[in-house]
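Contents: one structure, followed by commentary.
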Amino acid sequence: MCTPGKTLRQAEGEYYRLLSKVGVTKRQLGVTSYAYRHQFANNRYEVLTDSPSPVRGGGPVSKDLSDLANLDIAESLGHRRTEIVKHYLGSN
976 MCTPGKTLRQ
986 AEGEYYRLLS
996 KVGVTKRQLG
1006 VTSYAYRHQF
1016 ANNRYEVLTD
1026 SPSPVRGGGP
1036 VSKDLSDLAN
1046 LDIAESLGHR
1056 RTEIVKHYLG
1066 SN
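Here the sequence shown stands for residues 976 to 1067, where the numbers follow our numbering.
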């Protein structure tokens, strides 16, 4: 997912410079860009399951529905493994 012809380090530098330029820094907003990823993941989970995520105090949902939501969220965040989503959503 890097810019063609750039190393990961160069792409990360470009990413953080752009965030700083638009004011998305811990110093300016009190949050990092990862806070937006967490918010997106949790909001998406609630849309897909009609229940808040575990980290937001949601109750249990069916395993099939939760698995489908986790797959959707993982793909949306650019992850290949759905286990990563637990770091954003918590687990039941």
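Where a beta carbon is used, it is the ideal one built from N, C-alpha and C, also for glycine. The structure presented is a predicted model; accordingly, all values stated were derived computationally and were not measured.
Query: State buried or exposed for Ala1010, treating a residue as buried only when at least 16 other CB atoms are found within 10 Å of its CB.; Result: exposed
Query: For Val1060, which three-state DSSP category applies?; Result: helix
Query: Helix, strand or coil for Leu1052? Go by DSSP, reduced to three states.; Result: coil
Query: Nearest chain D C-beta to Glu1050 closer than 7 Å, yes or no?; Result: Absent here is chain D; the protein component of the structure consists of one chain.
Query: Suppose you measure from the CA of Ser1008 to the CA of Asp1039; what does that come to, to the nearest Å?; Result: 30 Å
Query: Indicate whether the contact test is met: 3 or more Cβ pairs, each with one atom in the region 996–1005 and one in the region 1048–1055, closer than 8 Å.; Result: no
Query: So, helix, strand or coil for Lys1038, using DSSP?; Result: helix
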